[in-house]
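Student: Heads up: the sequence shown begins at -13 in the working numbering, then just goes up one per residue.
We treat Cβ as the ideally placed atom computed from N, Cα and C, and that holds for glycine.
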Amino acid sequence: MPKLNFVFLFLFVLMSGNIHSQIEKLNRIKKSDLREKQHPRDSTASAAVLYSSSEITYKRGGRWQYVMEVTKRIKIYDKSGYNQSIVRIPLFNKTEFLAADKVSRIKATTYNLEGNKKKSYKIKDEDVFMEDKRDHLSYAVFTMPQIQDGSIIEYSYVVTSDRIESLPTQVFQEDIPVDYAAFQIEIPRMFAYRRYDIGFHDLKVSEDVINVSLPIEAHENGPAADGSLLVKAKQIVIEAKDVMPINSENFVHNIDNYKSSIKLEMTGYRNFDEKEYKYINKTWDDVVTTVLENKNLGEQLNDSEFLKSTTEEITKDFESPKEKANAILVFLKNKMNWNNRLGISTQKNFDEVYDEGTGSVAEINYILTMMMRQAGLDAAPLLLSTRDHGIHVAPTLYGFNYVITAVHIDDDLYLYDASDELSAPNLLREETLNWKGRIIKQDGSSAEVNLDTKLKSHEKVDLEIDFYENNAIHGEVKREFTNYLANQQRRNNSSLDREAYLEALENRNMGVSILEHQISGMQNPMEDVTEHFTFEVGEVGDVVQDQIYVNPLFFLASQKPKFIEEDRSYPVDFSFPYSKEYNVIINLKGNLEVDWVPEDLNVILPNNYGRYNYSAEVNGNQIIINLKQSSKTTFIHHKYYSYLKEFHDQVFEKENEQIVLKKL
C-alpha cells in the first residue's frame, strides 16, 4: 500500500489578521515557451504539466454544494504526448437524494508557434459531449484543437456538486512531469473533514483561518432570497513543485493508487449556533446501512420465496455444502446474462431481473446470495472495488463498484461470481482481486475481507525435441495450466476460432509449424486446461564453423526482463501465487555431440517470497533441462524491489543462455 497519513481537520483556531496564502497564478505564455523542444528536468518526456490548480469553495441553495474551479496548462513535446489533448471531466449522476454534478464555464485553448507568430485556437460549445461510463459516473469530454509538436494547451472548467461529504481526489503526480500543482480549499466552520495523504512526494501545506463570504441562492427548499453569509473558514493550500512522473511498470494494476494525492472526507457538521459536531458516515458499517436502505435492498435479500422451488430442484441430489454451492453457481451462470453494468445498486426488483434473465453484476450476485441462503448456506453479498476503480481509504458510498457472493463453508470463505461465465469457486475476474472487500452480514453489520487469493496457479510443460545436425527440430509439447493461469488461457483465446488460435500459437512459439494439436478444458473453468501438440522447425540456432549455438528452452525461455526500472516506489502485485515447472529433453540426432551446457542455478528471495531452480545435465545423446519457479505471495513491498529485480534478472539471463553443440 502507498504511504497513508491521516490528518484531522476539526476545530478552527482563530488567528490574528486575515492575511492568507494563495496558490500561484498563471503567467502569460511566451514564444520561448512554445519553442522549447524538451523538458528541462526530463529530456525523455513527451509532455509536461506546466501548471495545475484546483480551488474549492462552498455555496448554499437547496442544500450545501461545493464549487471546484480547475485550471491546467500542458506542454506537448512530441506525438507521444498528443493523448494529453483529450480531456475527460468526471461527473456524478443523479441519485435518489442528490442532483447530478454540473460542469460550466469550460474554456480550452491551444497555442502554437506558426512562423514567428503565436496563434491560438479555442474549442466551441458544440465540441463538448457527454459520455456515460459507469452507473454513477458520466464524463464531459472534449479534444483540444490543432495539436502539434510544441503546442501548449490550456483549459479550465467549474464543477458544482451536492457531494460535499466526499470531495474529489486532488492529484499532484502524473505519468508526465509536473512543474507546479496546487489545491486550495476554504472549509466553512460548520464542516469537519479528515484528510488522507497518499504517495511519496513532499507536499507543502499551509493552513490559515480566514473570513469568507458564502453565496446564498434562493431556493424552494432553502433560503427565501439571494444573499451572502460571512463565516470563519479554514483555508488549506497544498502545493507541489518539480514532481517527477510515476509510470506504471509490470505488476501494478492501477498506478493511480500510488500517485501523490490527497483526499478529504467529511466526518461531521454543525449548525451556525452549535459548538459540537454531529458525526456522519464514520465507518464502513454506516455505508453498508445506506446501501441496504437503497430500494429496500435489505428487505429484498430476505424475500427469496420466488427462488425456493428452483433451488430445491437444483440441489436435491447433493449433500455437501460445496456441491450445493457449485450447482447453484453453474445454474445461475447458465440462466443469467450480464448486461455489462457494474455497481452495487439495483435497477429492478430481483424477481423481475430473474425472469428476464439479464442483469447487472450486483443484481445477478444478489440473486446468487439469495439462492445460496435458500439452500441453507451461510451466504452474504461481498462489496468490492475493481482495480480500475481504485483503492478507497475512507468510508464512502462510492468506494465499491462490484458485488460477489461469499459463503462460509466449514472454517473457510468461498467466493463466487455468477455474472462471469468463466468464474469458479474462488476463481474470479482478476480485476476484482483488489485489496479489501466488505461482506454484508444478515444482521446488517459488515466485516472486512482480504481479497488476496490463496489459490495457487501452476504451469507445467513437458517438451521433447529431436535435434538434427542440419539444425532442424521436431518436437512434442504437453502443457497444463491450473486455476488463474488456466483462466488466462480461456480469456485470452476465447474469441479465436481453431484456425486463428493455431496461427497465434505458432506465432507465440518461434513460428513453429504445428502438425497435430489437442486442447481441453477451455470451456469449463472448473477444469484444468491441458494442451498437446507436435511441431517442426526447419532451422534453429546459430552456426559458427562446426559449432551450433541454441537456447535449450526454445520458445519456453523468458522473452524480456520482468522489471526494467532500477528503483520502484510502489509495491509489486502478482495477482495470485504461481509456480511453473519445465522439463525439456533434447535428443541429438546424427553426428552431434554436446560441447557445453549452462551451469545449475538456485536462487531464493528474502522471506521465502520466491525461489528458482535450474539444472542441465547430459546423458549420452540427451540433454535434460529441468527448471522450477514459484512465488508464494502476491504482494511484495517495494523495499524488497532490488532483491526481486535481481532475482528475475538472474532468471532471465539463465533462461536465455545457450547450449553449444559440435558437429563431428
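Once you ignore the five residues that flank S32 on each side, which residues in its own chain have a CB closer than 8 Å to its CB?
Tutor: Contacts found: I62, Y63, D64, K65, S66, G67, I162.
Student: Give the straight-line distance between the Cα atoms of M1 and T57, rounded to the nearest whole angstrom.
Tutor: Unreliable placement is indicated for M1, whose pLDDT of 35 sits below 50; no coordinate value is reported for it.
Student: Note down, one range per segment and in chain order, each alpha helix (DSSP H) of at least 4 residues found wholly within the segment 224 to 286.
Tutor: Runs found: 270 to 279.
Student: What did DSSP end up calling P201 once you bin it into helix, strand or coil?
Tutor: Here P201 sits in strand by DSSP.
Student: Where does the unbroken beta strand (DSSP E) through N473 begin, and where does it stop?
Tutor: Run containing N473: none in the beta strand (DSSP E); it sits in the alpha helix (DSSP H), 469 to 479.
Student: Enumerate in chain order the residues of its own chain whose CB-to-CB distance from D685 is below 7 Å, with the five nearest sequence positions on each side excluded.
Tutor: With the chain running from -13 to 650 in the structure shown, residue 685 is simply not present.
Student: Using a Cβ-Cβ cut-off of 7 Å (strictly less than) and excluding sequence neighbours within five positions of I5, which residues of its own chain qualify?
Tutor: With a pLDDT of 46 at I5, under the threshold of 50, the modelled position of this residue cannot be trusted, and the question is left open.
Student: Is R494 helix, strand or coil when you go by DSSP?
Tutor: Reduced to three states, the DSSP call for R494 is helix.
Student: Is the beta carbon of E41 less than 8 Å from the beta carbon of Q170?
Tutor: Their beta carbons are under 8 Å apart, which means E41 touches Q170 by this criterion.
Student: Would you kindly work out how many angstroms separate the C-alpha atoms of L591 and I550, rounded to a whole number?
Tutor: C-alpha separation (whole angstroms): 18 Å.
Student: Check the C-beta distance from G213 over to I202 and give it rounded, since I have them as a contact under 8 Å.
Tutor: With a Cβ gap of about 4 Å, G213 and I202 count as contacting.
Student: Tell me which residue opens and which closes the beta strand (DSSP E) that E100 is part of.
Tutor: That run of the beta strand (DSSP E) goes 88 to 100.
Student: So F467 packs on V515, CB below 8 Å; how close in whole Å?
Tutor: So it is a contact: roughly 4 Å between Cβ atoms.
Student: Can you tell me the Cα-Cα spacing of I610 and N473, whole angstroms?
Tutor: Rounded to whole angstroms, I610 to N473 spans 30 Å at the Cα level.
Student: Going by other Cβ atoms of all chains shown within 10 Å of its Cβ, with 16 needed for buried, is R181 buried or exposed?
Tutor: That one is buried.
Student: Taking DSSP as the reference, what is the three-state secondary structure of H503?
Tutor: Residue state, collapsed to three classes: strand.
Student: Does DSSP put D528 in a helix, a strand or coil?
Tutor: Strand.
Student: Around the Cβ of L283, are there at least 16 other Cβ atoms within 10 angstroms (buried) or fewer (exposed)?
Tutor: Buried, since its Cβ has 16 or more Cβ neighbours within 10 Å.
Student: What are the boundary residues of the beta strand (DSSP E) that D651 is part of?
Tutor: A query on residue 651 cannot be resolved here, the shown segment of the chain reaching from -13 to 650 and no further.
Student: Report the three-state DSSP secondary structure of E407 (helix, strand or coil).
Tutor: Residue state, collapsed to three classes: coil.
Student: Inspect the beta-carbon positions of F560 and S628 and report whether they are closer than 8 Å.
Tutor: No, the pair does not count as a contact, with Cβ atoms beyond the cut-off.
Student: What did DSSP end up calling Y63 once you bin it into helix, strand or coil?
Tutor: In the structure shown, Y63 sits in coil (DSSP, three-state: anything other than H, G, I, E or B).
Student: May I have the straight-line CA-CA distance separating Q645 from N588, to the nearest angstrom?
Tutor: Checking the displayed sequence, the identity of residue 645 turns out to be Ile instead of Gln. Cα to Cα, I645 sits roughly 19 Å from N588.
Student: Touching or not, the segment 251 to 268 and the segment 325 to 343, by the rule of three or more beta carbon pairs under 8 Å?
Tutor: The answer is no - the segment 325 to 343 does not touch the segment 251 to 268, with fewer than three Cβ pairs under 8 Å.
Student: For F292, which residues in the same chain have their Cβ closer than 6 Å to its Cβ, ignoring the five residues on either side in sequence?
Tutor: Correct list, in chain order: D337.
Student: Quick one: any contact between the segment 517 to 527 and the segment 450 to 460, if contact means 3 or more CB pairs under 8 Å?
Tutor: Yes, the segment 517 to 527 touches the segment 450 to 460.
Student: Give the single residue among Y125, R91, G101 whose Cα lies nearest to the Cα of D667.
Tutor: Only positions -13 to 650 of the chain appear in this structure, which leaves residue 667 out of reach.
Student: Verify the CB distance criterion: does Y470 have a CB-CB separation below 8 Å to chain C?
Tutor: Here chain C cannot be found, since the structure has a single protein chain.
Student: From this set, Y265, V347, E117, which residue's C-alpha is nearest Q333's C-alpha?
Tutor: With distances taken between Cα atoms, Q333 lies closest to V347.
Student: Which residues does DSSP list as the beta-bridge partners of P76?
Tutor: Answer by DSSP bridge pairing, in chain order: Y125.
Student: Report the rounded CA-to-CA distance for I222 versus S192, giving the unit in angstroms.
Tutor: Approximately 6 Å between the Cα atoms of the pair.
Student: Straight-line CA distance for V498 to L471?
Tutor: Taking the straight line from one Cα to the other gives about 23 Å.
Student: Who are the near neighbours of I426 in its chain, counting only those whose CB is closer than 8 Å to its CB and skipping five residues on each side?
Tutor: Closer than 8 Å at the Cβ level, and outside the excluded window around I426, lie V274, V277, L278, A366, P367, L368, L369, S432.
Student: Under 6 Å Cβ to Cβ from E517, same chain only, skipping five residues before and after it: list those, please.
Tutor: Closer than 6 Å at the Cβ level, and outside the excluded window around E517, lie R465, I505.
Student: With a 10 Å radius around its C-beta and 16 neighbouring C-beta atoms as the bar for buried, classify I72 as buried or exposed.
Tutor: It counts as exposed.
Student: Which value, in whole angstroms, describes the spacing of the CA atoms of M512 and D272?
Tutor: Distance between the alpha carbons of M512 and D272 is about 37 Å.
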